[in-house]
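Everything on this sheet refers to the single structure shown next.
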Amino acid sequence: MTNLAHHINSSLSKELHAMIYLLGFFAQKKSFKVYAVGGFVRDLLLGKENRDLDLVVEGSAVDFAKYVAKNLPGQLQCFERFGTAKLSLSKGIVFDMVTARQEFYAGPGALPDVERSSLKNDLYRRDFTINTMACALNPENFGRLYDFFGGRKDLEKGIIRVLYKLSFVDDPLRIIRAIRFEQRFNFIIEEETLTMLRKAIGNRVLEKVSKERLYNEIRLIFTEPSPLKVLIRLNEMQLLKVIFPRLEFNERLKERLRRLEKGITELVESDPEGKWNYFILYLSALFYDLSEHDTAYLCHLMRLRRKERLRLFAVLKKTPKAIPELKKEFIRPARLYFLLNEIPLEGLLLMTVLEKNDPYLREHISYYRRELVHRRLLTNGDDLLEKGLTQGPVFNRVLKSLHEAVLNGKVSGKEEELEYLSYLIKKNNMYQETGEGEK
Ligand code: ATP
Numbered sequence: 002m003t004n005l006a007h008h009i010n011s012s013l014s015k016e017l018h019a020m021i022y023l024l025g026f027f028a029q030k031k032s033f034k035v036y037a038v039g040g041f042v043r044d045l046l047l048g049k050e051n052r053d054l055d056l057v058v059e060g061s062a063v064d065f066a067k068y069v070a071k072n073l074p075g076q077l078q079c080f081e082r083f084g085t086a087k088l089s090l091s092k093g094i095v096f097d098m099v100t101a102r103q104e105f106y107a108g109p110g111a112l113p114d115v116e117r118s119s120l121k122n123d124l125y126r127r128d129f130t131i132n133t134m135a136c137a138l139n140p141e142n143f144g145r146l147y148d149f150f151g152g153r154k155d156l157e158k159g160i161i162r163v164l165y166k167l168s169f170v171d172d173p174l175r176i177i178r179a180i181r182f183e184q185r186f187n188f189i190i191e192e193e194t195l196t197m198l199r200k201a202i203g204n205r206v207l208e209k210v211s212k213e214r215l216y217n218e219i220r221l222i223f224t225e226p227s228p229l230k231v232l233i234r235l236n237e238m239q240l241l242k243v244i245f246p247r248l249e250f251n252e253r254l255k256e257r258l259r260r261l262e263k264g265i266t267e268l269v270e271s272d273p274e275g276k277w278n279y280f281i282l283y284l285s286a287l288f289y290d291l292s293e294h295d296t297a298y299l300c301h302l303m304r305l306r307r308k309e310r311l312r313l314f315a316v317l318k319k320t321p322k323a324i325p326e327l328k329k330e331f332i333r334p335a336r337l338y339f340l341l342n343e344i345p346l347e348g349l350l351l352m353t354v355l356e357k358n359d360p361y362l363r364e365h366i367s368y369y370r371r372e373l374v375h376r377r378l379l380t381n382g383d384d385l386l387e388k389g390l391t392q393g394p395v396f397n398r399v400l401k402s403l404h405e406a407v408l409n410g411k412v413s414g415k416e417e418e419l420e421y422l423s424y425l426i427k428k429n430n431m432y433q434e435t436g437e438g439e440k
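Numbering (this note's numbering), first residue to last: 2 to 440.
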């Protein structure tokens, strides 16, 4: 009987380690049986920490989750109808809890104890053998590994294998998942599984899945270490044209994605806290050459949220226009600021990687992020009102001129700003008096 207590001790961070012990303790106290399952156990055996914990609860997952939430501060969501609950704690630790059902397998000649049968039943519904292992958390058998379907052997051999023949027909999204795991771990899709996968593709099963589910799964590709590898494999399997119709996966696009991945690695090293959105970043690179019409079509197909669509369009429309100016040696700081201020962060990163060899562009963007975004106006609208200006075009123009002067380093500090403000107001009044107001 294999026990994973040692893996838990050695591979997990202190906080996750403590949480897991606590879960077992709570379960015992309230007479539940709790198992960590799926990706968490797989990653544990690979020596990696996975903070997204799937838990199978014998008893009621909702009741257990409510009890845990009383004792650990976090955000609890219960889905009573499905017998599931999600508890999000701090530091990205999430517990997804499901109730183990006990109906199946319990007939004569099947597995004798209900405990194992309900757990096994839950695990049998999962996608691949490597995701079917469970680890007991109750103190009485803490760390005990349940491996009903040969998951550990497949994990050691690096094999992706479905549990039964019609798996890809039952849930076509497993096709995408198989490819994603194959590429993430550099595993191999087992021969029979691959045959079934290809057959399912041939039968166009993915077209039967709702767009919401399909594109929720597709989004996960962009959280992988190398989305490009997954896209290349999907293309080999003739799936990319199903997922992104109208997109030509040509050498130019691959080269752009290659540069992007290389650039991201460097960026993450230099700016680990960077708050860019990988999904938007990759979509921008993917759709860069598409017409506005085709991009809009794909956004609709993918059910992009309004906010995401606006961000993506801002990148796609504004970056190609900004690039020629950014390639010039000299740009006044204020001009640079107003040019880049309109472009989402993903657009700045994309331009940096696309124009990697340009001597000026990268420097301009870096100067903007390093310096200009911090060069804020100390004067605000109230100061302008105090000086007798009223809201309107002149008000906005004066404020912008003042901001330009600050960005260009012409004035600095509140005192100088106020002085310059008086000068600008005077100048504008003069224009107004001579009728030259809106120049
Ligand atoms: P990741 O490291 O990508 O989070 P994961 O295995 O934890 O990997 P999730 O998408 O979080 O993946 O899914 C959690 C578990 O739910 C999986 O381990 C798997 O057992 C199961 N699962 C997810 N999607 C499916 C599916 N389409 N069919 C069957 N089981 C699935």
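The C-beta atom is built at its ideal place from N, Cα and C for all residues, glycine as well.
In this text the structure is predicted, and so the values were computed from the model without any measurement.
Paired residues, beta bridge with residue i - DSSP
{"i": "S89", "result": "Q76, V95"}
{"i": "K34", "result": "E59"}
{"i": "N358", "result": "N358 pairs with nothing; no bridge assigned."}
{"i": "R102", "result": "Its beta-bridge partners do not exist; DSSP assigns none."}
{"i": "F129", "result": "V163"}
{"i": "D1", "result": "Since the first residue shown for the chain is 2 and the last is 440, residue 1 is missing from the structure and cannot be characterised."}
{"i": "D53", "result": "V95"}
{"i": "N4", "result": "R145"}
{"i": "I180", "result": "Paired residue(s): none; I180 is not in a bridge."}
{"i": "I189", "result": "I160"}
{"i": "A137", "result": "Y36"}
Closest Cα partner of residue i within the set the options
{"i": "L248", "options": "R260, L287, W277", "result": "L287"}
{"i": "T445", "options": "S91, L88, L90, G84", "result": "Here the chain comprises residues numbered 2 to 440, so residue 445 is not present and cannot be evaluated."}
{"i": "L46", "options": "V316, I131, E326, N381", "result": "I131"}
{"i": "R153", "options": "D44, S285, I9, S61", "result": "D44"}
{"i": "L120", "options": "G75, V58, K428", "result": "V58"}
{"i": "E420", "options": "S367, S32, T380", "result": "T380"}
{"i": "D172", "options": "V42, L198, K158", "result": "L198"}
{"i": "E81", "options": "K328, A66, Q239, F33", "result": "A66"}
{"i": "I160", "options": "L174, L56, Q29, T194", "result": "T194"}
{"i": "E253", "options": "L291, V210, E218, G203", "result": "Before going on, a small fix: residue 253 reads as Arg here, not Glu. Residue L291 is the option with its Cα nearest to R253."}
{"i": "F41", "options": "V63, H18, E256, K34", "result": "H18"}
{"i": "Y283", "options": "D272, E274, E293, I265", "result": "I265"}
{"i": "K293", "options": "P394, K319, S271", "result": "Sequence check: residue 293 is Glu here, not Lys. Measuring from the Cα of E293, the nearest candidate turns out to be K319."}
{"i": "P321", "options": "T353, L305, R304, M303", "result": "T353"}
{"i": "E343", "options": "V374, P325, N358", "result": "V374"}
{"i": "H365", "options": "R234, D272, V35, L327", "result": "L327"}
{"i": "N122", "options": "N139, D148, D97, E141", "result": "D148"}
{"i": "E191", "options": "D272, K209, L156, N139", "result": "L156"}
{"i": "N217", "options": "I244, R234, L240, Q239", "result": "I244"}
Other residues of its chain near residue i: CB distance less than 6 Å, five sequence neighbours each side excluded
{"i": "R185", "result": "E225"}
{"i": "Y369", "result": "L337, L341"}
{"i": "N236", "result": "F250"}
{"i": "R178", "result": "D128"}
{"i": "L54", "result": "A37, F41, F96"}
8 Å contact criterion, which residue i and residue j should meet: CB distance rounded
{"i": "R52", "j": "V95", "result": "7 Å"}
{"i": "L215", "j": "I176", "result": "Incorrect: roughly 10 Å between the Cβ atoms, too far for contact."}
{"i": "P345", "j": "V316", "result": "6 Å"}
{"i": "A135", "j": "V38", "result": "4 Å"}
{"i": "K20", "j": "L90", "result": "The sequence given here has Met at residue 20, not Lys. 7 Å between Cβ atoms; contact."}
{"i": "S11", "j": "E50", "result": "Contact doesn't hold; Cβ gap of about 11 Å is too wide."}
{"i": "R1", "j": "L355", "result": "What is shown of the chain runs 2 to 440, which leaves residue 1 out entirely."}
{"i": "A335", "j": "L229", "result": "Not confirmed; about 38 Å, so no contact."}
{"i": "N430", "j": "E347", "result": "N430 to E347, Cβ: 43 Å. No contact."}
{"i": "R304", "j": "E416", "result": "Wrong, their Cβ atoms sit about 53 Å apart, outside the cutoff."}
Neighbourhood of residue i by C-beta, 7 Å cutoff - its chain only, sequence neighbours within 5 removed
{"i": "A6", "result": "F143, G144"}
{"i": "K242", "result": "none"}
{"i": "F27", "result": "Y68, V69, N72"}
{"i": "R310", "result": "C300"}
{"i": "G151", "result": "T130"}
{"i": "V231", "result": "I180, R181, Q184, I222, E225"}
{"i": "K308", "result": "none"}
{"i": "E405", "result": "A335"}
Chain-order list of residues whose beta-carbon lies under 8 Å from that of residue i (same chain, five-residue window excluded)
{"i": "L422", "result": "T380, D384, L385, K388, V399, L403"}
{"i": "S32", "result": "G60"}
{"i": "V269", "result": "G275"}
{"i": "L362", "result": "I324, L327, K328, M352, T353, E356"}
{"i": "F296", "result": "The question names Phe, but residue 296 is Thr in the sequence shown. For T296, where only same-chain residues beyond five positions count, the Cβ hits under 8 Å are F288, L313, F314, L317."}
{"i": "N187", "result": "G159"}
Cβ of residue i within 7 Å of any chain D Cβ
{"i": "L56", "result": "Here chain D cannot be found, since the structure has a single protein chain."}
* **Start-end ranges of the alpha helix (DSSP H) lying completely within the segment 194-267, minimum 4 residues** => Secondary structure within the segment 194-267: the alpha helix (DSSP H) runs of 4 or more consecutive residues, fully enclosed, are 212-222, 228-237, 241-244 (chain order).
* May I have a chain-ordered list of the alpha helix (DSSP H) segments no shorter than 4 residues that lie completely inside the segment 298-349? => 307-327, 334-341
* To do: Would you mind listing the alpha helix (DSSP H) stretches within the segment 361-414 that are 4+ residues and don't spill past its ends, in chain order?
  => 362-371, 382-387, 394-408
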